[in-house]
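Enquirer:
Protein chains: 2
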Amino acid sequence: MAYKELDTKSVIEYLKTRPALVDILPDDDEYKASEIGDGNLNMVFIVQGKNKPERTVIVKQALPYLRVVGESWPLTRDRIIYETEALKIYNELAPEFSPIVYDNDYEMSVAVMENLNKHEIMRKPLVSREQFPRFADHISSFLANVLFKTSDLYLSSKEKKALQKKFMNPELRKLQEDFVYTNPFMEAEENEWNPLLDDLVKEIRSDGELKIAINKLKMDYVLKAQSLIHADLHTGSIMLNKEETKVIDPEFAFLGPMAYDIAAVIQNLVLNYASHFVHSKNKEEREAYQKYLLETIRDIWNGFAKKFDTLWQEHNDGDLSPNSYWDFEDGEKAFARFRQDYIQAVLRDVSGIGGTKMLRRMLGIVSVWDISSIEDDAARAQVERFIINLGRRWVLEKDEITSIDQLIAITEEEAKKLEL
Amino acid sequence: MAYKELDTKSVIEYLKTRPALVDILPDDDEYKASEIGDGNLNMVFIVQGKNKPERTVIVKQALPYLRVVGESWPLTRDRIIYETEALKIYNELAPEFSPIVYDNDYEMSVAVMENLNKHEIMRKPLVSREQFPRFADHISSFLANVLFKTSDLYLSSKEKKALQKKFMNPELRKLQEDFVYTNPFMEAEENEWNPLLDDLVKEIRSDGELKIAINKLKMDYVLKAQSLIHADLHTGSIMLNKEETKVIDPEFAFLGPMAYDIAAVIQNLVLNYASHFVHSKNKEEREAYQKYLLETIRDIWNGFAKKFDTLWQEHNDGDLSPNSYWDFEDGEKAFARFRQDYIQAVLRDVSGIGGTKMLRRMLGIVSVWDISSIEDDAARAQVERFIINLGRRWVLEKDEITSIDQLIAITEEEAKKLEL
Chain A
115 MAYKELDTKS VIEYLKTRPA LVDILPDDDE YKASEIGDGN LNMVFIVQGK
165 NKPERTVIVK QALPYLRVVG ESWPLTRDRI IYETEALKIY NELAPEFSPI
215 VYDNDYEMSV AVMENLNKHE IMRKPLVSRE QFPRFADHIS SFLANVLFKT
265 SDLYLSSKEK KALQKKFMNP ELRKLQEDFV YTNPFMEAEE NEWNPLLDDL
315 VKEIRSDGEL KIAINKLKMD YVLKAQSLIH ADLHTGSIML NKEETKVIDP
365 EFAFLGPMAY DIAAVIQNLV LNYASHFVHS KNKEEREAYQ KYLLETIRDI
415 WNGFAKKFDT LWQEHNDGDL SPNSYWDFED GEKAFARFRQ DYIQAVLRDV
465 SGIGGTKMLR RMLGIVSVWD ISSIEDDAAR AQVERFIINL GRRWVLEKDE
515 ITSIDQLIAI TEEEAKKLEL
Chain B
115 MAYKELDTKS VIEYLKTRPA LVDILPDDDE YKASEIGDGN LNMVFIVQGK
165 NKPERTVIVK QALPYLRVVG ESWPLTRDRI IYETEALKIY NELAPEFSPI
215 VYDNDYEMSV AVMENLNKHE IMRKPLVSRE QFPRFADHIS SFLANVLFKT
265 SDLYLSSKEK KALQKKFMNP ELRKLQEDFV YTNPFMEAEE NEWNPLLDDL
315 VKEIRSDGEL KIAINKLKMD YVLKAQSLIH ADLHTGSIML NKEETKVIDP
365 EFAFLGPMAY DIAAVIQNLV LNYASHFVHS KNKEEREAYQ KYLLETIRDI
415 WNGFAKKFDT LWQEHNDGDL SPNSYWDFED GEKAFARFRQ DYIQAVLRDV
465 SGIGGTKMLR RMLGIVSVWD ISSIEDDAAR AQVERFIINL GRRWVLEKDE
515 ITSIDQLIAI TEEEAKKLEL
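Keeping their order, the protein sequence lines are chains A and B. Quick note, the first sequence lines up with residues 115 to 534 if you use our numbering. Quick note, the second sequence lines up with residues 115 to 534 if you use our numbering.
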C-alpha cells in the first residue's frame, strides 16, 4: 500500500486489511482510535475495542516531515524501520523487556505494537521519588542480553556484518554525533544554557584536555561497532511499573559502543539524583531517595557485568575467540582475564560517555526535564554546576575507573561541595 | 551480459562490445590475448594490439569456484567488485600509485585495467637485494592519501557510512579474521610450521598474555572502521620499478584499522630483512642491504606520519571535529595534540598488527616466499625463531612504542641474538 498519512478514522480501516492482526483485533468488535504523543515526528494512535477494551494496540506511523515546522522540513521515514527492526530483535533477545511488535508495513511507514497501558514513562515518577525495586535487575538483564547477543562474542562474523549493514542509520547517527559530542562544546546557535553559568560554560569549551578526551570518545561512537545499541536510552525511553520494565523508541539504533546504553541509563539517574537537591525539600526524604538512586546505579552496573560474563561463559559462540583458542594450560585463566579486561573497558567507556552526556545536557540543545523543571534560575545553576563538574571528572578520570563504586564516590564527593 | 567464463578467444570478442574501451583498443588493429596468473580465483588475460603492442590492457574475471579444487568449491564472485571499487578509489585519491581501471562489468565479473608491463612484483627483487630508492616516498604518499581521505577526518559522517556499507566484504574479511588472528594461534588442521620449531610454536600457543593481546587486536580489526584498507598489502601486492610504485589486488578491501596496511608493508620488509641472514652469504652485502631495509621502514613510517598530519591540517573537512571545535584560546595546541595522539595510536597499532602478522606467517597456513624459499630446514628454523621472537615483542611491547626507531631497535636487538 503506497504511503498515505493515517488519521483516527482511516487507521481503523487500514488495520482491518492487515492479516497479521486478525487474531489481535478480531472482527467481532468495533474499534476506536485516538491520537496520542506530540506527533512531531510520528503519528501515534491507540486503538481499542469498544466492547473488549483489553483488545488494544499502538499504531505508529512516521511522518515525512517535522510536523511542528511543517512540510518544509523533510525527514526520512526510515526511522520507523530502524525502530521496528530493533524492537523485533529485543522481542527475540529480551522479550520481557520490550513491547511486542505485531505487524509492520514499511511502505506505509507503520508499525503496530503492544499497548503498554499498565506502564508509565520513567522520568516523572523519579522526580516524585517513586522507587522501582525490580528496575535494576530488569534493565541490567535487558542490557546484558541485547548487548552480548548482538556482539562478535555471540554472533558469527557474517551474521555480525549483516546486522551492521542493516543498521547503518546514517541520518539519526549524524544527529547524535553532532548534538552529543561536538556542538555543545563549541559555539553553535542551537546551544542553550543557564546564563548564570556563562563562566563555567566558557571554561568547558576552552578546556583542551577535556575536548581531546571527548573527541576520542566520539571516534569510538563513530567507529566501534561493538553491539546493537539503542543509542537514546534515557529515562524517557523506559516505561515501567513495580513489576515490569519495557524499553521503547529505539529509532536511533545502530552498531556502536555497548557502553553507550549503559551510560545513558546511569547518567539519567545521576541527573535525577542532582535534581533532588532542589525538588526534595525534606532533607531526610531527599537523602533516602538519593541513596536509593546510587544503589540502583551500583546494582545496574554490577548486575550487567555479572550477567554479561555469565552469558559469555555459557555462550561463547561468536567467531571472535572460539573456545578452542583458549584450549591450553592456563587457558581458562587467560580467557577469564580477557573477559575481565573487556568488561573493565566497557566500564571506562561508561564513565567517559556518561560524563560527556551530562555535559551535553547542560551545554547543548537537549535539556532534561528533571533539571529544566527547576524554575529558580539560581538554584538550577547550582545543580547544573554540580553536574558539569561531575561530568568533566567522569570524562577526565575515566582511565582510572575500575569499579562502579569509584564513579559513585566521585559523585558523592562533588555533591558534598553543593551548598543549597 | 549474463555471466560466462571467458577464454583467450572470447575475451577479444567481448572487449569489442564495451563502449568504454573504444579509445583504448581502437578497431584499426587486431588484438590477441594470453592468459597469465595462476588462475585459481580469477582468470587474468593480457590483451595486446598485433601492430601496436603499446595498446594493451589486463582483463580480470572472477571465477565462481576455486579452480584448483574444481566446481565443488564455490566462491562468491563479489571479490571483483570489491577489488575494482577499491582501485577506482585509489585512482581518485592516489592516481600515481594504482593501475587505471578502464572498465568494469559486474554481471560478467570482469574488470579491465592498465597493463603494468614496465613493473615487477616487489617480492623477488627484494630477495635479490634490489633497491628502490623512491619506494618509501611513494608508498607513504599512497598510504597517507588513501587512509586520510577515506576516514572521518576528511569525509562527512554520511559519506563515511555510505563507503562503509559499500565495503562490507563479509566473505574475505572472515578469511583474514580467522587466518591472521585466530587459527595460527591454536590447533587448526591447516596450520603449517617448521617441525624444528615445535617447542616455540607450542610456547606461543600457550602464551596467555600474548593471546589476550592478539585477541584485542582482532577486536580492532573486526570493529574499528577507521579507513578503507587494502587488507592484504604484502610485497606481492605491490608492482614497481625504480621510478614508479603501483598497489594492486585490493579484493580484501573494507573499512578497518588504518595501521593494518602500514603494518603489512613494514612487516613484509622485516620478513625480507630476516631472510637475508640465509639468502645473502656475503656479510658486507647482507648488512648493507639490511640497513637499506631498516631505513626504508623508518622512511615509510616517518613519511606517512608527516604527510598524514599535513593532509589533516590542510583538509580537516570531516565531521569528526570541525575547525570550529578547536576555535578557542590554545585550541590550536589542543588540535595538534589530538592529531599527535591519533598518529601515535596508529603507530602502536602498527607494532601490534605487524607482530601478529609476523607470527601468523610462521605458524599458520600462509607462509611467505622470502622465507619458504630457504631450503635448509635448520637455517630456516633459526630465521623463523628470530621472526617469532620479534613478532611476540612487537605485540607485547606495543603500548610502549612512541617512535619507529624503537621498533627498529627491537628488531636489531633480536637480530643480534641470531648466530648463523
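No residue lacks a Cβ here, since even glycine has one placed at the ideal position from N, Cα and C.
#1: Comparing alpha-carbon positions, which option in A:TYR268, A:LEU277, A:LYS263, A:GLN245 lies nearest A:THR359?
#2: Exposed or buried, what is B:ASN437 when buried is set at 16 or more other beta-carbons lying within 10 Å of its beta-carbon?
#3: Where does the unbroken beta strand (DSSP E) through A:ILE160 begin, and where does it stop?
#4: Whole-angstrom Cβ separation of B:ILE411 and B:SER254, contact assumed at under 8 Å?
#5: What's the C-alpha gap between B:ASN218 and B:THR198?
#6: Taking Cβ-Cβ distances below 7 Å as the criterion, which residues of the stretch 476 to 500 of chain A are in contact with chain B?
#7: For the beta strand (DSSP E) that contains A:ASP217, what are its first and last residues?
#8: Starting from B:TYR403, trace the alpha helix (DSSP H) in both directions and tell me its first and last residue.
#9: Let me see if you follow: with CB-CB separation under 7 Å, is B:ILE467 close to chain A or not?
#10: Does the beta carbon of B:THR516 sit closer than 7 Å to a beta carbon anywhere in chain A?
#11: So, does the CB of A:GLU303 fall closer than 7 Å to a CB anywhere in chain B?
#12: Return helix, strand or coil for A:LEU342, following the three-state DSSP convention.
#13: The stretch 427 to 454 of chain A: which residues have C-beta closer than 9 Å to a C-beta of chain B, in chain order?
#14: In its own chain, which residues sit with a C-beta less than 6 Å from the C-beta of B:ASN430, not counting the 5 before and 5 after it?
#15: Ends of the alpha helix (DSSP H) at B:TYR204?
#16: Show which residues of chain A have a CB atom less than 7 Å away from the CB atom of B:ASP266.
#17: Going along the stretch 192 to 206 of chain A in order, which residues come within less than 8 Å of chain B, judged by CB to CB distance?
#18: Beta carbon of B:ILE522, beta carbon of B:LEU408: below 7 Å?
#19: If you check the beta carbons only, do B:MET222 and B:TYR117 fall under 7 Å apart?
#20: How about B:GLY151 and B:VAL158: are their beta carbons less than 7 Å apart?
#21: Roughly how many angstroms lie between the CA atoms of A:ASP137 and A:PRO298, to the nearest whole one?
#22: Output yes or no for whether 7 Å exceeds the beta carbon distance between B:SER341 and B:THR264.
#23: Within 7 Å (strictly less), CB to CB, does B:ALA339 reach chain A?
#24: Roughly how many whole angstroms lie between the Cα atoms of B:LYS280 and B:LEU369?
#25: Which class does B:THR525 belong to by DSSP, given the choice of helix, strand or coil?
#26: How would you write the range of the alpha helix (DSSP H) that A:LYS332 sits in, first residue to last?
#27: Using a Cβ-Cβ distance under 7 Å, would A:ILE328 count as near chain B?
#28: A:GLN427: buried (16+ other C-beta within 10 angstroms of its C-beta) or exposed?
#29: Taking A:PHE293 as the query, report the chain B residues whose CB atoms sit under 7 Å from its CB, ordered along the chain.
#30: Could you name the residues of chain B that A:PRO284 contacts, counting a contact when the two beta carbons are closer than 8 Å?
#31: Consider the Cβ of B:GLY322: report whether some Cβ of chain A lies at a distance smaller than 7 Å.
#32: With which residues is B:PHE368 paired in a DSSP beta bridge?
#33: For A:THR359, which residues does DSSP report across the bridge?
#34: Does any residue of chain A bring its CB to less than 7 Å from the CB of B:LYS356?
#35: Mapping DSSP to helix, strand and coil, what is A:TYR268?
#36: Can you name the start and end residues of the alpha helix (DSSP H) that A:GLU498 belongs to?
Expert: Concretely, from the data shown:
#1: A:GLN245
#2: exposed
#3: 156 to 163
#4: Not quite, the Cβ-Cβ distance comes to about 11 Å (not below 8 Å), so this is no contact.
#5: 7 Å
#6: none
#7: 215 to 219
#8: 397 to 428
#9: no
#10: no
#11: no
#12: strand
#13: ASP433, LEU434, SER435, PRO436, SER438, TYR439, TRP440, ASP441, PHE442, GLU443, ASP444, GLY445, LYS447, ALA448, PHE449, ARG451, PHE452
#14: ASN437
#15: 193 to 207
#16: VAL336
#17: none
#18: yes
#19: yes
#20: yes
#21: 49 Å
#22: yes
#23: yes
#24: 9 Å
#25: helix
#26: 322 to 337
#27: no
#28: exposed
#29: Those do not exist, as A:PHE293 stays about 12 Å from chain B at its closest Cβ, beyond 7 Å.
#30: SER271, LYS272, LYS275, ALA276
#31: yes
#32: B:ILE343
#33: A:LEU354
#34: no
#35: coil
#36: 491 to 510
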